[in-house]
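The working numbering numbers the first residue of the sequence shown as 562 and each following residue consecutively.
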Amino acid sequence: MGEGDLDAAVALGTVAELAANAALHGRVQGRDFQVALTLDTATGTVRIAVADARGEQLPLLRADFATPVDSESGRGLLLVAGLADRWGREPYPPGGKTVWAEVGPRLRNDKNTRSRP
562 MGEGDLDAAV ALGTVAELAA NAALHGRVQG RDFQVALTLD TATGTVRIAV
612 ADARGEQLPL LRADFATPVD SESGRGLLLV AGLADRWGRE PYPPGGKTVW
662 AEVGPRLRND KNTRSRP
């Protein structure tokens, strides 16, 4: 990976968390969720958008203090917020929602870790 390249692991982790949230919290019997990935070639930013049928079930970023340490859920949006440069939600007509995140290129610093430009 070169300087300023998209970190595939960060993008993949973001896709996984948003898709898992849609499967767990946005599921409606007989309806699937939709995943769309869009690359902005000018900036190198990938937009990850996951639409589901549960528009009334809005995602909320909450402090992790209420989640028991041994819980297997409750931290997905904290991970998305930590991985993505930006994230948000918008209506998906007729009654659903889209949760999206944008992941841009990362720069390599002297300690061989990733940072945002």
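We put the CB at the ideal spot given by N, CA and C, even for glycine.
When DSSP reads this structure, Thr602 sits in no beta bridge, so it has no partner. One Cα belongs to Ala662, the other to Ala614, and the distance between them is close to 18 Å. If you look at Val641, you'll find it isn't in any beta strand (DSSP E); it sits in the alpha helix (DSSP H) that goes Gly637 to Leu644. Contact between Arg650 and Pro620 holds, with the beta-carbon distance rounding to 6 Å and staying under 8 Å.
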